[in-house]
Structures are given as structure tokens and as C-alpha cells.
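Taking this note's numbering, I'd label the letters of the sequence shown as residues 312 to 747.
For every residue, glycine included, the Cβ atom is placed at its ideal position computed from N, Cα and C.
Since the structure is predicted, the reported quantities are computational estimates derived from the model, not experimental observations.
Scroll down for the structure; my scribbles are underneath it.
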Amino acid sequence: MDRSKIKILPTPHILRCLPLLCSFLPFLSMASAFIPLTSRLRNSPLVRVCRRTMHPPTFSMREGMSFNSPPYTRNNNRPTSRGPSFRLFKTSAPLHANAGGTNNDDFVPISPATLNWEKIGPDQDVFISALSQNGHVNVKVISAKNMVQAIREKRELSAVSTELLGRVMLSAMLVANGIKDEETLQLTFSGDGAAKGVMAISDGACNVRAWIGNSDLDDLKDPETGRADIKAAVGKGTLQVVKNHPSWRIPYNGVVQIASGEVAPDVAFYLASSEQRNTALGVGLSLDPKTGEVESAGGFYIEMMPGVEEESVLKVEVNLAVLKERFGSVDPGVLFAGKQPVTPYKLVKMLLDGLGVGMAEETQPAYRCTCSAEKVFRAVSLLGEEEVESILAQEGMIAAKCEFCAEKYELSREQLVALREEALAAAEAGEPWPAR
312 MDRSKIKILP TPHILRCLPL LCSFLPFLSM ASAFIPLTSR LRNSPLVRVC
362 RRTMHPPTFS MREGMSFNSP PYTRNNNRPT SRGPSFRLFK TSAPLHANAG
412 GTNNDDFVPI SPATLNWEKI GPDQDVFISA LSQNGHVNVK VISAKNMVQA
462 IREKRELSAV STELLGRVML SAMLVANGIK DEETLQLTFS GDGAAKGVMA
512 ISDGACNVRA WIGNSDLDDL KDPETGRADI KAAVGKGTLQ VVKNHPSWRI
562 PYNGVVQIAS GEVAPDVAFY LASSEQRNTA LGVGLSLDPK TGEVESAGGF
612 YIEMMPGVEE ESVLKVEVNL AVLKERFGSV DPGVLFAGKQ PVTPYKLVKM
662 LLDGLGVGMA EETQPAYRCT CSAEKVFRAV SLLGEEEVES ILAQEGMIAA
712 KCEFCAEKYE LSREQLVALR EEALAAAEAG EPWPAR
């Protein structure tokens, strides 16, 4: 190098640069402290989860898997929901012989109703959320045979449509359980399949409503298994997840591509890729092959809590493997069916075997639609006065049908006038209408 071309700053210029150089010293010290932290995080379970969710091995809670049949996904949802419909109990010791975990003398039973949980069979609709005794693992199990059968009859769904809609409803309730009051979670599968779209909306208390574009999908059968071809019904497209609350100005909206079309794996992929939730999710239904009636409908949801120990993760993986080896499947639709079905609470204990059930709560899942005559009037008012008058002149009434619950509404001119007066009175009083 030609040293004659090197330009040396005069002393006054160097002195001017010193304050600028000194201002960077705190950032340099922070960076040096961050280097060992990143090296520790690189091999942490959470980073391994985020790094390898695309091609997870079987029964590995570290890989962000999801089953449908087989079921599995990851989540980090917090069980924060509390309400009058829940019953809570705590135990001072494991509820089965092989359970481990920590004992706490402060844990005492506070609800005698929980003593009958063993008698709650898969024929009863129930949602159970349990926490391991060491507080590291949260397990949720749902059985909703009667609810799914009721909506099947009311919506006149075919067998394939029932199974698809049931899977989406069960997934929505399992993921939404625990969210705040009045907050809702919506799962929308917008694919090019024969179903023409399917959606479910659930709150944190297991109140759900759902919609499917095509209620007659009986011809969609998998030629190899003879079961419903859910993948063909969904098709290729997107899964949209919307979280909303009345007090939010803008709802949270997340979208991912439909990867499998089997519902649970796609929900799992969203949770792992968009929210980095460390969970396992499984949903399934069993239908009578002749009548199409629902024989069982259920699901489970396993969550690794923050600070979970590696031993707890390994134990859950072993429990899933044992469950499959013993019953031949981890599909809740299979486990809850048959001559000797697994009860919902027994499934909770089997998933937490070796960890112990330290705390649990239960509620009853329900299909609850929010439609009303007032909401129909609001929709009708968007048509314009001339069009409404034209319909009334021809039909004598306004007829509408709810796409969620198939409830039919017929509003006469007198009813429309009465509803308009109610709306105007509420507007003058500054009150919301219709009231939530």
C-alpha cells in the first residue's frame, strides 16, 4: 500500500469524533453480554420447536406437531378463563398410581361434584381443562357428541359435511378455551374444495357456532379407507384465524396456506408458525356408516407451559406413544367410540400419567348462535326502503334464514315498524341496539 496516500486526520478532527465513539460504548457492552445468551437460546427447546416445525417426527412435543387422525399440534395458550359455569378442584396427591409431580398441602378439594367425573362418559358433552401437579403441562379434553349430532339434524348435514364441520368446531373450542371474556376466535377454511368454505367461531367458555358452504358431501369418500375425504372437501386455499373483542378497534388477523386439508394439522401449522405455541392438538369423530349419526366426537389439547422441564415434555411424548400402542389410535373419535370407550377424564389422566392432575375445571360445550330478529332487521335496513316495500308487496313479509343455526325468521310490516321504533329509541338514548 502506498503510505503517501493515507490521510491522517488532524488532532482537532480526532477530538471531535471522540464523543461519537464514546456514545457507542454502551451498545458494544450490551452486544457482548447478548452473545452468550444467544448461544444458550440456540439450543433451547423453544428455538428447536420453531426451527423444525415443518417436518416433525412422530410423538415429539418439541416439533410442533398436530394430529387429526393421527392428531397433534403445539400451543402456548393460557388457561385464564374463569366463570360461574366452571367447577374447580385441587388435589394434594396424584389421582392415579403412577403419577408423579409435586405435592402441595395447600391443595384441597373444593367441589364434591368432581368426585363424579369418572362417571362422565363420552355420551355426555363435557370440556375438561387440567393442569399437571408441577404446573408445567395443561391438558384439555372435549367430548361433544350430542352437540354435533344436534347441529347435524338441524342443518340436515351429510356424513362428510358433519365430520368436516365437527372437526373445525372442536378445533376452535380447544384453541379458544381460556381467552378473555367476550373475546372470540374464528377459524375460516377458504379452499377450492367441494365444501365451498367452512368456519367456526368460539369464545373462551366453549360456546361455538359454525357454518359450511355445502351441507351435502356424501359422495366424498377416501377410496383406500372408505372414510370421509376431508382433504378433498377442503381443497387448496387459506386458513384465516381472527381474534376479536368488542373493545378492540382492529381484530387480530392471521393467514396461512392450507397445508394438508385435514383441519387439525393446518391449525397446528398456524399455531407453530405464526404464534410459536407449544401444544399438541387432536380432533376426531366417529359416525354410523349406515345412518350417519354421530357416535362420538371429541378432541384433546396439550400445552407446554413456560419454563417446562425436559422431563415433563418427554413424559407426555411417552404417554402419547403408550396411548397409541394400547388403543391402536390417538384419534379421540376412535377412543370415545366402541364397546369399551375411554372416558374424557380417563383420557386426561392418561395424558398426564406420571405428572399427576393437580388442578382441573370443567364446563359444558354448547352450540350458541347470536342471531336474532333485531339483527335481521339491521340486515334488511341495508336493502333500502324501495326494495323492502317491493318485497313486502309481493310476499307480505321479509323471510330470512340464519346460516349458522338454520333458524328461520319471518318479519311482517308491523314487526318491521316496531323494530324500527326500538332502534330509533335506542339511538336517541345513546344505547347500543340490539343489546349484546
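Which of the three DSSP states is assigned to residue i in this structure?
i, result
"Val358", "Here the model assigns Val358 a pLDDT of 33, short of 50, so the residue's position is not dependable and the matter cannot be decided."
"Gly508", "coil"
"Thr473", "helix"
"Ala441", "strand"
"Leu666", "coil"
"Asn457", "helix"
"Asn525", "coil"
"Glu614", "strand"
"Phe580", "helix"
"Ser607", "strand"
"Gln435", "coil"
"Ala591", "strand"
"Gly639", "coil"
"Gln675", "coil"
"Phe688", "helix"
"Ala737", "helix"
"Leu634", "helix"
"Ala570", "coil"
"Leu596", "strand"
"Arg520", "strand"
Rounded to the nearest angstrom, what separates residue i and residue j at their Cα positions?
i, j, result
"Lys657", "Gly565", "35 angstroms"
"Gly669", "Met480", "28 angstroms"
"Gln705", "Leu727", "16 angstroms"
"Phe688", "Thr681", "14 angstroms"
"Pro367", "Lys456", "Because the pLDDT of Pro367 is 34, which lies under 50, any placement of that residue in the model is unreliable, and the question is left without a value."
"Thr536", "Glu573", "15 angstroms"
"Val627", "Ser683", "45 angstroms"
"Leu592", "Leu735", "47 angstroms"
"Glu685", "Ile541", "36 angstroms"
"Ile523", "Ala740", "38 angstroms"
"Glu636", "Val553", "37 angstroms"
"Cys517", "Gly707", "39 angstroms"
"Glu721", "Glu621", "59 angstroms"
"Ser558", "Phe500", "26 angstroms"
"Ser526", "Ile490", "30 angstroms"
"Lys601", "Lys465", "19 angstroms"
"Ile453", "Phe611", "6 angstroms"
"Tyr678", "His556", "19 angstroms"
"Phe715", "Val509", "11 angstroms"
"Gly461", "Asp492", "In the sequence under discussion, the amino acid at residue 461 is Ala, which differs from the Gly named in the question. When rounded, the distance between both Cα atoms is 26 angstroms."
"Pro655", "Val629", "19 angstroms"
"Leu625", "Val619", "11 angstroms"
"Ala738", "Glu494", "25 angstroms"
"Ile709", "Pro743", "24 angstroms"
"Glu733", "Ile561", "29 angstroms"
"Gly504", "Arg538", "17 angstroms"
When burial is assigned at 16 or more other CB atoms within 10 Å of the CB, is residue i buried or exposed?
i, result
"Glu467", "exposed"
"Pro433", "buried"
"Thr549", "exposed"
"Gln568", "exposed"
"Leu693", "exposed"
"Ala690", "exposed"
"Arg731", "exposed"
"Thr674", "buried"
"Gln651", "exposed"
"Gly649", "exposed"
"Thr590", "buried"
"Val594", "buried"
"Ser469", "buried"
"Glu698", "exposed"
"Glu700", "exposed"
"Ala511", "buried"
"Gly695", "exposed"
Once you ignore the five residues that flank residue i on each side, which residues in its own chain have a CB closer than 6 angstroms to its CB?
i, result
"Thr473", "Arg463"
"Ser513", "Ala483, Met484, Ala487, Leu496, Val519"
"Leu596", "Glu474, Gly477, Ala608, Gly644"
"Tyr563", "Lys554"
"Gly603", "Ala470"
"Leu711", "Checking the sequence shown, residue 711 turns out to be Ala, not Leu. Correct list, in chain order: Val687, Tyr720."
At least one CB of chain D closer than 9 angstroms to the CB of residue i: is that the case?
i, result
"Gln726", "Absent from the structure is chain D; it holds one protein chain and no more."
Please return the same chain residues whose Cβ sits closer than 7 angstroms to the Cβ of residue i, not counting the five positions on each side in sequence.
i, result
"Leu634", "Val641, Met661"
"Met616", "Gly446, His447, Val448, Asn449"
"Cys713", "Cys680, Cys682"
Give me, in chain order, the residues of the same chain whose beta-carbon lies closer than 8 angstroms to that of residue i; leave out the 5 immediate sequence neighbours on both sides.
i, result
"Phe638", "Val645, Leu646, Val653"
"Ala570", "Pro576, Asp577, Phe580"
"Ser443", "Gly412, Asn449, Val450, Ser623, Leu663, Leu666, Gly667, Val668, Gly669"
"Ala506", "Ser472, Leu475, Phe500, Ile523, Gly524, Asn525, Leu528, Ala544, Val545, Gly546"
Just checking, does the segment 575–590 make contact with the segment 522–533 on the three C-beta pairs under 8 angstroms criterion? no
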